[in-house]
Amino acid sequence: MATRRFKKHIACIGAGYVGGPTMAVIAAKCPDIKVTVVDISAPRIKAWESDNLPIYEPGLFDVVKKARGRNLFFSTDVDAAIKDAGIIFVSVNTPTKTFGEGAGKAADLQYWEKTARNIVKVATSNKIIVEKSTLPVRTAHAMERILNANEKGIHFEVASNPEFLAEGSAIKDLLNPDRVLLGTQETKAGLAVRKELVDLYAHWVNRANIITSNVWSAELSKLAANAFLAQRISSINSISAICEKTEADVSEVGYAIGRDSRIGAKFLQASVGFGGSCFKKDILNLVYLSEHYGLSEVAQYWENVIKLNDYQVTRFVRAMISAMFNTIAKKRIAVFGFAFKANTGDTRESPAIYVVKKLLDEHACVVVTDPKAIANAKDDLADCTGSLEFTADPYAAVRGAHAVAVCTEWDEYRKLDYRRIFAAMEKPAFVFDGRNILDHGRLFEIGFNVFPIGKKPLTHY
Ligand code: NAD
Ligand code: UGA
């Protein structure tokens with residue numbers, strides 16, 4: 002069997018945004034290791050085996066092509082992969098619970114637990130189980146109890162290896178990570194697992210960037226990292242609201258504070274609000290955990306990061322309505338960008354979802370354009386009623402429009418011919434730049450009324 006050619010066999014359960022790219026990079030960098038990525042979704046697996054991968058990520062296809070069929074395999078045969086592998090990464094989804102105790106906050110661990118129970122049922126030898134999914138602190142403890150309650154005499158060692166990649170730059174992040182974090186138990190068996198995982202990543206990551214810790218620190222570090230990142234965005238967005246009242250400019254403020262090396266320049270881009278599948282879910286998870294331990298002040302502190310984000314997107318839509326003479330009914334509005342950020346087709350928790358729904362509530366005629374996210378946008382808005390169109394062509398989107406609302410910072414939106422756009426629009430023509438990516442002065446010269454985030458509006462009236 003093919004496995005004999007390889008030194009080791011790794012399996013990954015869950016072929017999503019994390020499992021697919023992460024395993025593709027491991028396989029590309031470790032040709033002596035067989036990597037099998039499995040998923041219960043047959044269409045997803047079929048897509049991973051095709052030229053049309055299930056997710057858009059710059060550089061991903063090249064990495065997949067390099068290893069696929071050599072030492073990287075995709076399959077729906079979850080049980081065979083479990084039996085065959087010595088190390089099993091689990092990268093299934095861990096969404097926010099929508100029912101029962103902790104609904105709306107706690108992580109829904111049913112996919113994880115189902116996976117753990119299946120591993121116990123199928124395994125015939127000792128295995129290392131690696132948490133790749135983002136999980137509440139001490140999940141590894143619960144998992145170890147489920148896994149090691151087996152009557153087959155098999156031992157499972159659970160480690161935490163949270164993933165810090167960001168979408169749109171996943172391959173870059175995986176090839177050259179700031180750090181890889183490995184949390185293991187500090188027992189003899191745990192330390193042996195730690196060494197094995199360090200050696201795996203050391204195939205391409207400098208050992209100085211491979212950090213080890215106890216399991217609970219690793220689990221908590223993942224939630225804390227996302228909470229800190231999101232908190233920076235809410236902080237600068239809160240400042241953007243003050244800027245709009247005082248004629249301070251949020252880009253100038255962001256630059257000035259970011260020049261302090263203790264604060265740093267990254268993640269200070271004011272916006273319509275953060276989106277993505279993880280920031281909100283992971284903060285809610287942290288909030289739930291804090292409440293669980295009776296730390297209500299801590300819970301409230303983090304909850305406010307989300308509240309501020311909700312406020313920011315609400316503020317954006319309100320500003321649109323107010324600028325357009327308090328009525329947008331029957332006005333065509335072109336929404337530029339639906340992905341939650343640039344360079345991805347992912348729309349999970351995208352602020353554009355809220356923006357479009359609110360505009361439709363106001364009876365606006367909305368046309369959504371995005372270079373990569375139209376298919377997901379159609380799914381997200383499937384239940385919406387009202388006048389809603391989709392087009393990949395921004396020039397078609399603006400025909401007869403009263404306003405453009407930039408919701409995603411796609412580079413191509415900077416490069417459009419705004420004279421042509423202005424000519425195609427109804428007058429007065431408005432631009433609401435929810436990402437501050439456009440040249441506002443030039444747009445104003447062309448004739449637009451420009452409403453950035455956290456900056457003085459430029460209006461002709
Ligand atoms: P995803 O929804 O894209 O992928 C999860 C996959 O798991 C799906 O394809 C699903 O079909 C599969 N799955 C679910 N149950 C299964 C089972 N029992 N057996 C086999 N397959 C199963 O999710 P994702 O974005 O890859 O996120 C996975 C985890 O990684 C989450 O915990 C998330 O918080 C974390 N994370 C995500 C990112 C990101 O950028 N998306 C970054 C870091 C961490
Ligand atoms: C984020 C983290 O950056 C990753 O480290 C983490 O692994 C991942 O979540 C996860 O756990 O899922 P991601 O959500 O892919 O990655 O993208 P980010 O680049 O963090 O952007 C998140 C949101 O914040 C986007 O909507 C983005 O447009 C917005 N953002 C980001 C701002 O509004 N301003 C900024 O300055 C930066």
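As numbered in this note's numbering, residues 2 to 462 make up the sequence shown, in order.
By construction, the Cβ of each residue, glycine as well, lies at the ideal position given by its N, Cα and C atoms.
These numbers were taken from a predicted model, which means no experiment stands behind them.
Open item on the list: So, does the region 283-301 touch the region 361-370, judging by three or more C-beta pairs under 8 Å?
Closed with: no
Open item on the list: Just to check my reading of the structure: residue 460 and residue 58 have Cβ atoms closer than 8 Å, yes? What is that Cβ distance to the nearest angstrom?
Closed with: About 40 Å separates the two Cβ atoms, so there is no contact after all.
Task: DSSP bridge partner residues for residue 390 (one or two, in chain order) - done: 368
Task: Among 275, 331, 206, nearest to residue 309 - alpha-carbon criterion - done: 275
Task: the region 141-150 / the region 174-182 touching (three or more Cβ pairs under 8 Å) - done: no
- [ ] Can you tell me the Cβ-Cβ gap for residue 223 and residue 163, rounded? I've got them flagged as a contact below 8 Å.
- [x] Rounded, the Cβ-Cβ distance is 3 Å, consistent with contact.
- [ ] Could you pull the start and end residues of the beta strand (DSSP E) that residue 55 belongs to?
- [x] Element bounds for residue 55: n/a, residue is neither H nor E.
Open item on the list: Along the chain, where does the beta strand (DSSP E) containing residue 37 start, and where does it finish?
Closed with: 34-39
TODO: Using the DSSP secondary-structure output, state which residues sit across from residue 451 in a beta bridge.
DONE: 432, 459
Task: Counted within 10 angstroms of its Cβ, other Cβ atoms place residue 440 as buried (16 or more) or exposed - done: exposed
- [ ] Using DSSP bridges, identify the partner residues of residue 131.
- [x] 90, 160
TODO: Check the Cβ-Cβ distances between residue 295 and every residue of chain B, and say whether any is below 8 Å.
DONE: Among the protein chains of the structure shown there is no chain B, as only one such chain exists.
Open item on the list: From the DSSP secondary-structure annotation, give me the bridge partner or partners of residue 69.
Closed with: 73
Open item on the list: By the three-class DSSP mapping on this structure, what secondary structure does residue 18 have?
Closed with: coil
Open item on the list: Given the structure, does residue 40 come close to ligand 1, in the sense that its CB is under 7 Å from one of the ligand's heavy atoms?
Closed with: yes
TODO: With a threshold of 16 other CB atoms inside 10 Å of the CB of residue 135, please say whether the residue is buried or exposed.
DONE: buried
Task: Alpha carbon of residue 92 to alpha carbon of residue 229, nearest angstrom - done: Cα atoms of residue 92 and residue 229: separation of roughly 23 Å, rounded to the nearest angstrom.
Open item on the list: Nearest by alpha-carbon distance to residue 252: which of 246, 261, 263, 240 is it?
Closed with: For the residues 246, 261, 263, 240, the minimum Cα distance to residue 252 belongs to 240.
Open item on the list: Which runs of the alpha helix (DSSP H) at least 4 residues long sit entirely within the region 162-220? Give them in chain order.
Closed with: 171-176, 189-202
Open item on the list: For residue 51, count the other beta carbons within 10 Å of its own beta carbon; 16 or more makes it buried, fewer makes it exposed. Which is it?
Closed with: exposed
Task: Proximity winner among 395, 382, 95, relative to residue 413 (alpha-carbon distances) - done: The residue among 395, 382, 95 with its C-alpha nearest the C-alpha of residue 413 is 395.
Open item on the list: Quick check on residue 469: buried or exposed, where buried means 16 or more other Cβ atoms within 10 Å of its Cβ?
Closed with: An answer regarding residue 469 cannot be provided, because it is not within the stretch 2 to 462 covered by the chain.
- [ ] Less than 8 Å between the CB atoms is what I'm expecting for residue 1 and residue 166, so what's the real figure, rounded?
- [x] Residue 1 cannot be examined here, being either before or after the span of the chain that is shown, 2 to 462.
Open item on the list: Within 10 Å of its beta-carbon, does residue 247 have 16 or more other beta-carbons around it, so buried, or fewer, so exposed?
Closed with: exposed
TODO: Indicate whether residue 90 and residue 133 have their beta-carbon atoms separated by less than 8 Å.
DONE: A distance below 8 Å separates the beta carbons of residue 90 and residue 133.
Task: Alpha-carbon to alpha-carbon, residue 14 and residue 56 - done: 17 Å
- [ ] To the nearest angstrom, report how far apart residue 305 and residue 106 are at their CA atoms.
- [x] Those two C-alpha atoms are separated by around 14 Å.
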